[in-house]
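Participant:
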Amino acid sequence: MNERPLILVSNDDSINAKGVRELISRLVRLGDVVVVCPDAPRSGQSMAITVNDPLRISPVPDFMGARMYKTTGTPVDCIKLAMHHILKRRPDMVVSGINHGSNASVNELYSGTMGAACEGCAFGIPSVGFSLTDHNPDADFSGCLRAVDLISEAVLTRGLPEGICLNVNVPDTKDEPAELRVCTPCRAHWDDEYKEYIDPAGHKFYLLSGELINDEPDNETTDLWCLKHGIISVVPTSVNRRLIMPETLGWLQALQEKY
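In terms of our numbering, the sequence shown opens at residue 30 and continues consecutively.
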């Protein structure tokens, strides 16, 4: 009963990313921290799991009192391996990040950072993903730290509803954001996602590119609007597919009755 809270940390930028170490520096004040991250960047992995390849776990030197491990798997693999093969007890909270780059709007669907948070949520553990809208490997995370402190402590103390995790994005501003707002994910899409190139042998190849198009730029209730205006966005995210029932779509219910 006297044990400190146990916090499981992961990310998709690798065990060596600056963002995860900034996150650890805040969380070690709240509890015992165990870190399980990919051994190399795994961005864009969403909730992918490794099926046919063997997974390996390797300890790395502790950081600020946190126990550190790297794995050969995806962010979701990291959470599963931690739960089944590393941790001696169930964690009180899962925190993923701090990601180098935005995971707002449709990006959440592709995000390995949010994949790890959603996996923690699927285990029934209060879970949060933090991201900074700066892809620079040496990004300045100082503007994130107050939000990390406030949200992590609140989630650890109060918990979250079943099936709900938090997607927190912090704008890349020179000063600490003055406002934090709970909002909805913006409707957006990627345009020209892959560019075509020709290699020296004359063969075509493709590299991910493109621009994120905001489909509702004037909607002040969305995460992209908040980030554009220097506001931290907090989006509650559901992993409970049961929330969408057949009666939501009248034609689907009619098809059910017809069949």
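Ideal placement from N, C-alpha and C gives every residue a C-beta, glycine not left out.
(1) Between which residues of its own chain and L195 is the CB-CB distance below 8 Å, once the five residues before and five after are set aside?
(2) R58 by DSSP, collapsed to three states: which one?
(3) What number of angstroms, rounded off, separates the C-alpha of W219 from the C-alpha of E32?
(4) So S171 is in the beta strand (DSSP E); what residue range does that whole segment cover?
(5) Whose C-alpha, out of D221, K224, M93, T103, is nearest the C-alpha of S39?
(6) Under 8 Å: do the stretch 228-237 and the stretch 162-179 share three or more Cβ pairs, one atom per stretch?
(7) Among the residues of its own chain, which have a CB less than 7 Å from the CB of K287, if the five just before and after it don't count?
(8) Give a yes or no on contact between the stretch 73-93 and the stretch 206-220, applying the rule of three or more CB pairs nearer than 8 Å.
(9) Take G192 as the anchor and find which of C215, A168, G153 has the nearest alpha-carbon.
(10) Taking all protein chains shown into account, do 16 or more other C-beta atoms lie within 10 angstroms of the C-beta of I260, making it buried, or fewer, making it exposed?
(11) Look at the Cβ atom of L52, then the Cβ atom of P34, and state whether they are nearer than 8 Å.
(12) So L253 packs on N243, CB below 8 Å; how close in whole Å?
(13) Taking only the alpha-carbon atoms, compute the straight-line gap between R55 and T251 and give it to the nearest angstrom.
(14) Is T142 helix, strand or coil by DSSP?
(15) Give me, in chain order, the residues of the same chain whose beta-carbon lies closer than 7 Å to that of R118; leave out the 5 immediate sequence neighbours on both sides.
(16) Exposed or buried, which one is T162 when buried takes at least 16 other CB atoms within 10 Å?
(17) Just the Cα atoms here: how many angstroms apart are L37 and V64?
(18) Can you tell me whether L209 is helix, strand or coil according to DSSP?
(19) Could you check the C-alpha separation between S171 and G126 for me, to the nearest Å?
(20) Pick from E137, E249, C215: whose alpha carbon is nearest that of G73?
(21) Alpha carbon to alpha carbon, what distance is there between L116 and D221?
(22) How is K203 classed by DSSP in three states: helix, strand or coil?
(23) List the whole-angstrom C-beta distance separating A77 from V105, where the pair is believed to meet the contact cut-off of C-beta under 8 Å.
(24) Nearest by alpha-carbon distance to R187: which of D41, H113, E245, D121 is it?
(25) In this structure, does DSSP put E240 in helix, strand or coil?
(26) Can you tell me which of the three DSSP states I154 falls into?
Facilitator: In brief:
(1) A146, S156, V157, G158, I180, V184, L189, V263, V264, P265, T266
(2) coil
(3) 46 Å
(4) Element bounds for S171: n/a, residue is neither H nor E.
(5) T103
(6) no
(7) none
(8) no
(9) G153
(10) buried
(11) no
(12) 5 Å
(13) 27 Å
(14) helix
(15) L35
(16) buried
(17) 6 Å
(18) strand
(19) 14 Å
(20) E137
(21) 43 Å
(22) coil
(23) 6 Å
(24) D121
(25) strand
(26) coil
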